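In the working numbering, the protein residues as written are 1091 to 1681.
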Ligand code: B12
Ligand code: SF4
């Protein structure tokens, strides 16, 4: 019998994770980015599933392209031509758009909308604003004006509907699933093709094993977007992610859960990863994010190590309990910080902490004092500084917005590296200066020597630490961006300047760019050589493995009077008194 072949139409699905503009108005883009985008991987995984399910009908193929703008140029001309060849049959999906990326996302969308191509946008800005504000703030009407469809909530189980609406050119102005967040178990898992992953350093990729957090920090957007009830993937899901990636030769993962220690499946997941590593020989390398009480969970740290964790990111945020209380981050107990950090050190795992500057009690002097305390008394390797920012979607932002307090109208600056609103005890200039100074203070040559000594005393490979320190010591000073959005070899083009800013003549732009690049790389090479020489000297010193200091000493009763950590702030003294009271009550209850 003669079968007539159904004509296949090809739906073009272009997933773009936008970057944002630097202080000179150029798109932040690198030859290789430092960290992969999990938002892109998550939506890509769901899109592949939609294509495999033929959600647009048996005669429609879905061609999927994923572009992370931090490591790949969005070639507008080529993309528009591709759409034209397919009668504009497709969708541009702007993925995981944060507030600081919202202006850039609109600029990317503009030429597509002008060509009549459907565009949809999702991510924290839209979800956060729709969850906490009035449905129009902030800047959301720009989407309505341009005919960009806004998606709030999560794409699992919902992307097919968006694709179907785009295919008939009938995207809804808003899809709002904020009150119906999906379960994650058994849903398509985050994954990216190897050619995408290759564009991040060290061939590493990411996945989220869960979403949501039970705590209530007032600066946090996550709880208002992903909810306070934690949702999880299963150990089977995680094994699937690892095997799919390992089939492409990828075995290094950033588990992006904000707080993996609060993932109720953590143990099952670690046990499965331990099997994959120890039984099946998959050389897993993991970075995880946890809270400051994770060491209290039996076996958590030991199993993290066996599962392949080499770096842990801890939401330390601050060492001043008055500041932590003001941000409703009461679960962070400074009296536990040293116990927790020493527990990670004992396993030879590199500790990285997020540290927020600009809480109400902060002044430049108090920040300098606190950094010195951290250096002397906490066994931390890497500290990442952030400016306290009223991020749209957070309670802090909502409060200021309701009170009509002045906040920077340019969303591009809401990247936690810029000062977006007034501080009661620091002028804007003082706040900006102390943010920059904080990096220099912490990553001073003297303290870097101490970090190497502590690493040698904790069996952390010094070369591993050098690789991380290069980024954290140099990025803010040389590239003027946060290390979390950094990479290797900054790329720029004159035509990628923010609309409204003058475009530099190419004959001036390119020689300046080459000169800048050579200058920055000369400084970078100097820093790398100096770090390597220091690491070698310290690693080879007699008794390097026996090194100890105040930060590395075991936690005991005597510390309470000897550590500035607990004596220099009024909150610190109260925290010790409170922890003593709890200890005596629990021991009385036990007796
Ligand atoms: C991992 C992570 C990173 C990684 C990777 C980035 C990434 N997005 O994957 C790194 C370290 C690079 C990073 C950097 C930064 N990050 Co970050 N990051 C996270 C974190 C912890 C997890 C992101 C994630 O994977 N979430 C899970 C994914 C699946 O959720 P999602 O992005 O919302 O996507 C879902 C839905 O929104 C929807 N969706 C998304 N897009 C679209 C599009 C369409 C069309 C549709 C239909 C659906 C849809 O479907 C997805 C799947 O369900 C979040 C906090 C969090 N819990 O999400 C912060 C977070 C996103 N980061 C934040 C910030 C501020 C930054 C930095 C600016 C910090 C800095 N100064 O360096 C930089 C920006 C650099 C960059 N290029 O993104 C903020 C953003 C807040 C805001 N309102 O804008 C967050 C929310 C944390 C916080 N402090 O509140 N980050
Ligand atoms: S800042 Fe971290 S611990 Fe606090 S609510 Fe947000 S995710 Fe949870």
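Using N, Cα and C, we set each Cβ at its ideal position, and we do this for glycine too.
These figures come from a predicted structure and were not determined experimentally.
Looking at the DSSP output, residue 1401 bridges to 1377 and 1440. Collapsing the DSSP output to three states places residue 1309 in coil. The beta carbon of residue 1385 is closer than 7 Å to those of 1391, 1429, 1430 and 1433 in its chain, skipping five residues each way along the sequence. In this structure, the ligand SF4 has no non-hydrogen atom nearer than 7 Å to the beta-carbon of residue 1595. For residue 1528, same chain residues with a beta-carbon under 7 Å away, outside a window of 5 residues either side, are 1447, 1457, 1461 and 1475 in chain order. Checking the 7 Å criterion, the Cβ of residue 1303 is within range of a heavy atom belonging to the ligand SF4.
Distances taken from the Cβ of residue 1381 to the heavy atoms of the ligand SF4 include one shorter than 7 Å. Here residue 1397 is near residue 1364, since their CB atoms are less than 8 Å apart.
Going by DSSP, residue 1211 is part of the beta strand (DSSP E) stretching over 1209-1212. Annotated three-state conformation of residue 1639 is coil, per DSSP.
When DSSP states are grouped into helix, strand and coil, residue 1188 belongs to the coil group. For residue 1382, the number of other beta carbons within 10 angstroms of its own is at least 16, and it is reported as buried. The alpha-carbon of residue 1562 is positioned some 14 Å away from that of residue 1403.
Taking 8 Å as the cut-off, the Cβ atoms of residue 1280 and residue 1297 count as close. In this structure residue 1502 touches residue 1110 by the C-beta definition: roughly 6 Å separates them, less than 8 Å. Collapsing the DSSP output to three states places residue 1102 in a strand.
In this structure, the CA atom of residue 1167 is about 11 Å from the CA atom of residue 1174. Here residue 1525 is not near residue 1189, since their CB atoms are 8 Å or more apart. Of all alpha-carbon atoms in 1358, 1486 and 1572, the one lying nearest the alpha-carbon of residue 1309 is that of 1486. For residue 1129, there is no enclosing beta strand (DSSP E); the residue is part of the alpha helix (DSSP H) that begins and ends at 1128-1142. Every unbroken stretch of the beta strand (DSSP E) spanning 3 or more residues and falling wholly within the segment 1225-1266 is given here in chain order: 1239-1242 and 1264-1266. The criterion of a C-beta distance shorter than 8 Å is satisfied by residue 1183 and residue 1133. Only residues of its own chain outside the window of five on either side were considered, and among them 1111 and 1115 have a CB closer than 7 Å to the CB of residue 1588, listed in chain order.
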